[in-house]
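Trainee: Pasting a structure here, questions to come.
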Amino acid sequence: MPLITMKQVMADSLKKALDPNVDPKERYAVGAFNFSTIPEMVGIVEGAREAKSPVIMMLSLGALKYIGSLELVAATARGIAKQYPEVPFVLHLDHATDLEMIKHAVVCGFTNVMIDASSESFETNIAKSKEIADFAHKHSPYGINGCSVEAELGMLAGHEDNINVSEEDAGKAYTDPALVAEFVEKTGIDALAVAIGTAHGFYKAAPEIKFDLLAEIRKNTDTALVLHGGTGVPEEDFRKCVAMGMSKINVGTGLKKVYTDAVREAIATLPADEYDPRKIVGPGRKAIAAEIAAKSEFFNCAGKADAVLKSIY
Ligand code: G3H
Ligand code: ZN
Numbered sequence: 001m002p003l004i005t006m007k008q009v010m011a012d013s014l015k016k017a018l019d020p021n022v023d024p025k026e027r028y029a030v031g032a033f034n035f036s037t038i039p040e041m042v043g044i045v046e047g048a049r050e051a052k053s054p055v056i057m058m059l060s061l062g063a064l065k066y067i068g069s070l071e072l073v074a075a076t077a078r079g080i081a082k083q084y085p086e087v088p089f090v091l092h093l094d095h096a097t098d099l100e101m102i103k104h105a106v107v108c109g110f111t112n113v114m115i116d117a118s119s120e121s122f123e124t125n126i127a128k129s130k131e132i133a134d135f136a137h138k139h140s141p142y143g144i145n146g147c148s149v150e151a152e153l154g155m156l157a158g159h160e161d162n163i164n165v166s167e168e169d170a171g172k173a174y175t176d177p178a179l180v181a182e183f184v185e186k187t188g189i190d191a192l193a194v195a196i197g198t199a200h201g202f203y204k205a206a207p208e209i210k211f212d213l214l215a216e217i218r219k220n221t222d223t224a225l226v227l228h229g230g231t232g233v234p235e236e237d238f239r240k241c242v243a244m245g246m247s248k249i250n251v252g253t254g255l256k257k258v259y260t261d262a263v264r265e266a267i268a269t270l271p272a273d274e275y276d277p278r279k280i281v282g283p284g285r286k287a288i289a290a291e292i293a294a295k296s297e298f299f300n301c302a303g304k305a306d307a308v309l310k311s312i313y
């Protein structure tokens, strides 16, 4: 199966999010996970296969700098899609700001791109997000609408690669529900990242998610909603967000820790004359797969691969 777009992977989830007659327990969000190496990419898709869930894998700008090439990542993702045809998955460029670079990702074959102009004025955010939506919908190598687009309104606190926002600034910039409909309509984006109290990176104290704000945002737009800053969010908060209509949940920092903890443990337990990198990296890949399977349960997307495929084909 080819890579699919984020719009496709979330279509079934969004339908359930918007239908007031659907039991909130039936709703689900698709998990989106950051990677910076090929073993992590494979671990993510193996975890999704184990959970029979759809999945989104995300390349941050920091990871791109490390890997060095959008083409390399896109080709690898296409190879993985061929090898794991039962997993509906999306290759996403995360928190990108440079319009030319985002367009290059579209042309290389990313199936979702995020334009993050959330720190700019409302008007500039609209203009940049629209420019990317117009381009991505037309210029994917997979054809018209072969790449979808996420944009952000409001700002999350914390640190993540190129993103650095103080708690003070973020506190002033929750997503304004009154602006959501206009933003989505004027930009033509496919998904909206919202700032409702989560932050990037590890939390010092448990996050206070503003569920009232989420309810208002959900009421004001029919577009798919995205929760960033998933690391450290308690399970019950994930479940509540999903029941209230969140369609995509991003996890980055926590997954890095899962991976490096497993690699550290492998190094500590291997004999000193063991030099096979597979014995060191392999346990990291396995740990990632287990974490993706566990998160798929929290997001209620475990077992939803078939529903996603049916909604597309
Ligand atoms: O875009 C990526 C995410 O929002 C990840 O956030 O590192 O806090 O899990 P996190
Ligand atoms: Zn994020």
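The numbering of the sequence shown is our numbering, which starts it at 1 and goes up by one.
Glycine is no exception: its CB is placed at the ideal position from the N, C-alpha and C atoms.
With a CB to CB cut of under 7 angstroms and the five nearest residues on each side skipped, what residues in its chain are close to residue 86?
Mentor: Result list for residue 86: 49 and 305, in chain order.
Trainee: Below 9 angstroms between beta carbons: does that hold for residue 88 and residue 288?
Mentor: Not in contact: residue 88 and residue 288 (Cβ atoms no closer than 9 angstroms).
Trainee: DSSP three-state label for residue 52, please.
Mentor: In this structure, residue 52 counts as coil in the three-state DSSP scheme.
Trainee: Rounded to the nearest angstrom, what separates residue 209 and residue 189 at their Cα positions?
Mentor: Going by the C-alpha atoms only, they are around 24 angstroms apart.
Trainee: Hey, is residue 220 close to the ligand ZN, as in C-beta under 8 angstroms from one of its heavy atoms?
Mentor: For the ligand ZN, not one heavy atom lies less than 8 angstroms from the Cβ of residue 220.
Trainee: According to DSSP, is residue 248 part of a helix, a strand, or is it coil?
Mentor: Here residue 248 sits in strand by DSSP.
Trainee: In this structure, does DSSP put residue 192 in helix, strand or coil?
Mentor: Strand, per DSSP.
Trainee: So for residue 220, helix, strand or coil by DSSP?
Mentor: Residue state, collapsed to three classes: helix.
Trainee: Would you kindly check if the distance between the Cβ of residue 27 and the Cβ of residue 290 is under 9 angstroms?
Mentor: No, they are not a contact pair.
Trainee: Report the residue from 139, 153 and 121 whose alpha carbon sits nearest the alpha carbon of residue 105.
Mentor: For the residues 139, 153 and 121, the minimum Cα distance to residue 105 belongs to 139.
Trainee: So, helix, strand or coil for residue 115, using DSSP?
Mentor: In this structure, residue 115 counts as strand in the three-state DSSP scheme.
Trainee: When DSSP labels each residue in this structure, what does residue 228 get in the three-state scheme?
Mentor: In the structure shown, residue 228 sits in coil (DSSP, three-state: anything other than H, G, I, E or B).
Trainee: Please state the DSSP three-state secondary structure of residue 273.
Mentor: Residue 273 falls in the coil class under three-state DSSP.
Trainee: So residue 183 and residue 126 are supposed to be a Cβ contact under 8 angstroms. How far apart are they, rounded?
Mentor: Contact flag correct, Cβ pair sits at about 6 angstroms.
Trainee: When we look at the beta-carbon of residue 152 and count the other beta-carbons within 10 Å, is it buried (16 or more) or exposed?
Mentor: With 16 or more Cβ atoms within 10 Å of its Cβ, residue 152 is classed as buried.
Trainee: What are the boundary residues of the alpha helix (DSSP H) that includes residue 30?
Mentor: Taken as a continuous stretch (DSSP letters only), residue 30 belongs to no alpha helix (DSSP H), being part of the beta strand (DSSP E) at 30-35.
Trainee: Just checking, does the region 91-107 make contact with the region 54-66 on the three C-beta pairs under 8 angstroms criterion?
Mentor: The region 91-107, when compared against the region 54-66, does touch it at the 8 angstroms Cβ threshold.
Trainee: Is residue 3 closer than 9 angstroms to residue 175 when the C-beta atoms are compared?
Mentor: Contact flag unset, no.
Trainee: Taking the beta strand (DSSP E) that residue 148 belongs to, which residues open and close that run?
Mentor: Start and end: 148-153.
Trainee: State the start and end residues of the unbroken alpha helix (DSSP H) segment that holds residue 61.
Mentor: Residues 61-67.
Trainee: Could you check if residue 156 belongs to the surroundings of the ligand G3H, using beta carbon to heavy atom distance under 8 angstroms?
Mentor: Yes, the beta carbon of residue 156 sits closer than 8 angstroms to at least one heavy atom of the ligand G3H.
Trainee: Below 8 angstroms, can you find three or more Cβ-Cβ pairs linking the region 191-202 to the region 222-229?
Mentor: Yes: the two stretches touch, three or more of their Cβ pairs being nearer than 8 angstroms.
Trainee: Going by the beta-carbon positions, is the gap between residue 31 and residue 251 smaller than 9 angstroms?
Mentor: Contact flag set, yes.
Trainee: Measuring only from the beta carbon, is residue 201 closer than 8 angstroms to any heavy atom that is part of the ligand NAD?
Mentor: The ligand NAD is absent from the structure shown, which contains only the ligand G3H and the ligand ZN.
Trainee: Provide the residue span of the beta strand (DSSP E) that contains residue 96, from first to last.
Mentor: Note, residue 96: beta strand (DSSP E), 89-96.
Trainee: So for residue 199, helix, strand or coil by DSSP?
Mentor: Here residue 199 sits in strand by DSSP.
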